[in-house]
Amino acid sequence: MAPLAGSSLTRAWLRRLPGWLVLIAAALLLLRTGLYLTMAAGAVRFPYQLDYGEGIVWEQLRRIASGRGYAPIEGFPTIVFHYPPLYHALTGALVRLTEADALLTGRALSFACTLIAAGLIARIAALLAPREAARWTVWSGSGMAALIALGMLPTSQWSVLMRVDMLCMALTFGGLLCGMLALTRPRAVYLAAVLFVAAVYTKQTALAAPAAVFGVLLVTRPRTALAGIAATIALGLAALAALTIQTDGGFLRHIVLYNINRVDLTSLRGIPQNIVWHFGFVLAAVAGALGLINRLRESRRRLRAPSWREHLAAAPDDARAAIALLHLALATLMLGMKAKSGAADNYLIEWDCLLALCGGLALTDLLARSFGSPRSGGLPGLQGLLVPGALVTQLMMHPVPDIWPGVALRAHTPEAARLVAMIKAAPRPVISDDMVAVLRAGKPVLIEPAIVTELAAKGVWDESPFVAQLRARRFAFVVTTGLPGSMDFDNRHSPAVTAALAEAYPVRIDAGSNYLNFPAGALPDYVRMQERADH
2 MAPLAGSSLT RAWLRRLPGW LVLIAAALLL LRTGLYLTMA AGAVRFPYQL
52 DYGEGIVWEQ LRRIASGRGY APIEGFPTIV FHYPPLYHAL TGALVRLTEA
102 DALLTGRALS FACTLIAAGL IARIAALLAP REAARWTVWS GSGMAALIAL
152 GMLPTSQWSV LMRVDMLCMA LTFGGLLCGM LALTRPRAVY LAAVLFVAAV
202 YTKQTALAAP AAVFGVLLVT RPRTALAGIA ATIALGLAAL AALTIQTDGG
252 FLRHIVLYNI NRVDLTSLRG IPQNIVWHFG FVLAAVAGAL GLINRLRESR
302 RRLRAPSWRE HLAAAPDDAR AAIALLHLAL ATLMLGMKAK SGAADNYLIE
352 WDCLLALCGG LALTDLLARS FGSPRSGGLP GLQGLLVPGA LVTQLMMHPV
402 PDIWPGVALR AHTPEAARLV AMIKAAPRPV ISDDMVAVLR AGKPVLIEPA
452 IVTELAAKGV WDESPFVAQL RARRFAFVVT TGLPGSMDFD NRHSPAVTAA
502 LAEAYPVRID AGSNYLNFPA GALPDYVRMQ ERADH
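The opening position of the sequence shown corresponds to residue 2 in this note's numbering, with each subsequent residue numbered one higher.
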């Protein structure tokens, strides 16, 4: 864009306009983060279910602690273990240490890991920032990278759940940082190996970061890369052997054979929805990624290296940028894993965190250009105004984090407490989509509906014993989310289970978030007592 005519004062103001917009965005991010931290603290302490998957993780923890983890799934009851056991083990250790509630402890661990992951993202952003940038611009942009990561909806929503994802993110970005440091401090590769193995034994899909780190290290520091790869393989195989022996082969059966889902391309709709909701964050991330690519090109042209391999080997800063870009590319490809039934937005968390990292780099650059030497650039062009303008616009459109406000939790508490009381009073077992309520009532989870529906559809698990028990009315009642025909219901209950429910449990009560399905006839006394208590 051609420079605008005007006084030197006007030109100086215009040159700094993108920087002022970035600082306004920083203030809005700080306000949003303060609201998020307040709301998250309340959500962590909420004693009932926030997410469908929390109950099964809690039940898995109980079974692992009692030596029943990764058991065979023939017949009924049966529990499938979706993930390796590190999150469960750490949560269990904290429960034994503190004697605190398992659900709240698991959530607190996730929340702490979220803050750690955000701090690591800020540190990586600072490591990737240009060396010539002023220190305050580097730490301002890096801090905003952390705040953007916390502001991404998948991150903020999953940060307060008893789920494995945020521990995995903390370990992944810790390994990424150590892998970048290994370019100049080779021994750091061993810590990277430990963290990467721990991430994989938290969530088995945590492969993009180690692939990016070791891929670039193989090109730039082959001996360091081979040492790190050897350590990773040795640690990973040792853990695999221990788990295989301890579970009599059950660990691999659950992780590889039982953890399956049907293909569902409609789940991919969450990706463009994520982009549209975070349009300001995404635009900043695109600018940051393009800035890294341009920096690599300019650096190679300046150093006149004959090949990219020789250039990256001679320029550790550029090699770190290559690791970040490769990690982003691999994480983007892995978004395809969302194309399966029941896939939630946790598949977006790693990608969103990398977008936050790149966005922080773009904001660092804008601050440096706006408040650096007047010779560092002319007046801002379209890109210089579009990125911070879009960021401010997004934050003004969505100023409040989309997680659980205290008023909503307080409103849901009586409903959840009534369900727990009914399950506790029931003389027979209860099958429930709300598995936290079952555990709160002091009863075990006998089955996790969603995964057994997938296994039955694939012919891996025979659902006929479970269906027979439904038809025989062996359960006091059945708690379902949604009605037949809704996505939640159909993803968790097969046609055979749905037919058995309609036949054996035809009386349906709308309990707010759930439906309670009872056998025909008069409602049990413990249900009528709860209804009278409501009025």
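By construction, the Cβ of each residue, glycine as well, lies at the ideal position given by its N, Cα and C atoms.
Bear in mind that the values here come from a model prediction, so they are computed numbers and not experimental data.
Along the alpha helix (DSSP H) that carries residue i, what are the first and last residues, could you check?
{"i": "Thr333", "result": "Pro317 to Leu334"}
{"i": "Val283", "result": "Phe280 to Leu304"}
{"i": "Trp137", "result": "Arg136 to Gly152"}
{"i": "Trp405", "result": "Looking at the DSSP string, Trp405 is not in any alpha helix (DSSP H), and its letter there is neither H nor E."}
{"i": "Phe112", "result": "Ala103 to Leu129"}
{"i": "His255", "result": "Where His255 is concerned, there is no enclosing alpha helix (DSSP H), given that its DSSP letter is neither H nor E."}
{"i": "Gly522", "result": "Run containing Gly522: none; DSSP gives neither H nor E here."}
{"i": "Gly68", "result": "It is not in any alpha helix (DSSP H) - Gly68 carries neither H nor E in the DSSP assignment."}
{"i": "Ala369", "result": "Ile350 to Phe372"}
{"i": "Thr92", "result": "Leu87 to Thr99"}
{"i": "Val437", "result": "Met436 to Arg441"}
Quick check on residue i: buried or exposed, where buried means 16 or more other Cβ atoms within 10 Å of its Cβ?
{"i": "Met170", "result": "buried"}
{"i": "Ser377", "result": "In this prediction, Ser377 scores a pLDDT of 48, lower than 50, which makes its location untrustworthy; the coordinate-derived value is nonetheless stated afterwards. By the neighbour-count rule (16 or more Cβ atoms within 10 Å), Ser377 is not buried but exposed."}
{"i": "Asp511", "result": "exposed"}
{"i": "Arg370", "result": "buried"}
{"i": "Ile246", "result": "exposed"}
{"i": "Asp526", "result": "exposed"}
{"i": "Glu75", "result": "exposed"}
{"i": "Arg303", "result": "exposed"}
{"i": "Thr185", "result": "exposed"}
{"i": "Val401", "result": "exposed"}
{"i": "Lys459", "result": "exposed"}
{"i": "Pro273", "result": "exposed"}
{"i": "Trp462", "result": "buried"}
{"i": "Ser308", "result": "exposed"}
{"i": "Arg222", "result": "buried"}
{"i": "Pro430", "result": "buried"}
{"i": "Ala101", "result": "exposed"}
{"i": "Thr248", "result": "buried"}
{"i": "Asp403", "result": "exposed"}
{"i": "Glu133", "result": "exposed"}
{"i": "Pro19", "result": "buried"}
{"i": "Arg411", "result": "exposed"}
{"i": "Met338", "result": "exposed"}
{"i": "Val257", "result": "exposed"}
{"i": "Arg16", "result": "buried"}
{"i": "Val464", "result": "The identity of residue 464 in the sequence shown is Glu, whereas the question assumes Val. Buried: at least 16 other Cβ atoms inside 10 Å."}
Starting from residue i, follow the beta strand (DSSP E) in both directions and report where the run begins and ends.
{"i": "Phe519", "result": "Tyr516 to Phe519"}
{"i": "Asp166", "result": "Run containing Asp166: none in the beta strand (DSSP E); it sits in the alpha helix (DSSP H), Asp166 to Leu182."}
{"i": "Arg270", "result": "No beta strand (DSSP E) holds Arg270; DSSP gives it neither H nor E."}
{"i": "Ile510", "result": "Val508 to Asp511"}
State the CB to CB distance for the pair residue i and residue j, rounded to an integer number of angstroms; the pair is presumed to be in contact (CB under 8 Å).
{"i": "Leu148", "j": "Ala285", "result": "The pair is not a contact, with the Cβ atoms about 12 Å apart (cut-off 8 Å)."}
{"i": "Ala200", "j": "Ala207", "result": "4 Å"}
{"i": "Met153", "j": "His279", "result": "6 Å"}
{"i": "Asn492", "j": "Thr454", "result": "7 Å"}
{"i": "Ile432", "j": "Val479", "result": "5 Å"}
{"i": "Tyr191", "j": "Gly229", "result": "7 Å"}
{"i": "Leu329", "j": "Cys359", "result": "7 Å"}
{"i": "Ile1", "j": "Pro78", "result": "Not covered by the structure: residue 1. The range shown for the chain is 2 to 536."}
{"i": "Trp59", "j": "Ala113", "result": "Rounded, the Cβ-Cβ distance is 18 Å, inconsistent with contact."}
{"i": "Ala135", "j": "Pro389", "result": "The pair is not a contact, with the Cβ atoms about 18 Å apart (cut-off 8 Å)."}
{"i": "Ala150", "j": "Ala118", "result": "7 Å"}
Any heavy atom of the ligand GDP closer than 8 Å to the CB of residue i?
{"i": "Val198", "result": "Absence of the ligand GDP from the depicted structure is noted, as is the absence of any ligand whatsoever, leaving it without description."}
At the 9 Å Cβ level, is residue i part of the contact set with chain E, yes or no?
{"i": "Gly142", "result": "Chain labels in this structure do not include chain E; a single protein chain is all it has."}
Any chance the region 338–358 sits against the region 163–173, with 3 or more Cβ pairs inside 8 Å?
yes
Counting beta carbon pairs with one atom in the region 312–329 and one in the region 213–229, are three or more of them shorter than 8 Å?
yes
Please specify which runs of the beta strand (DSSP E), each continuous and at least 3 residues long, are wholly inside the region 443–495, giving them in chain order.
479–481
Would you call the region 227–244 and the region 189–196 in contact, with 3 or more CB pairs under 8 Å?
yes
Across the region 278–294 and the region 355–367, are there enough close Cβ pairs to call them in contact, namely three or more that are closer than 8 Å?
yes
Taking one C-beta from the region 492–512 and one from the region 460–480 each time, how about it: are there three or more such pairs within less than 8 Å?
yes
Just list the beta strand (DSSP E) runs in the region 27–66, keeping only unbroken ones of 3 residues or longer that don't cross its boundaries, in chain order.
none
Report yes or no: do the region 331–344 and the region 124–134 share at least 3 C-beta pairs separated by less than 8 Å?
no
Using a Cβ distance threshold of 8 Å, determine whether the region 386–405 contacts the region 425–445, with at least three qualifying pairs required.
no
Length-filtered (4 minimum) alpha helix (DSSP H) runs lying within the region 175–241
189–201 and 209–221
Contact between the region 153–162 and the region 47–55 (3+ Cβ pairs under 8 Å)
yes
Counting pairs of Cβ atoms below 8 Å between the region 38–50 and the region 65–83, do you hit three or more?
no
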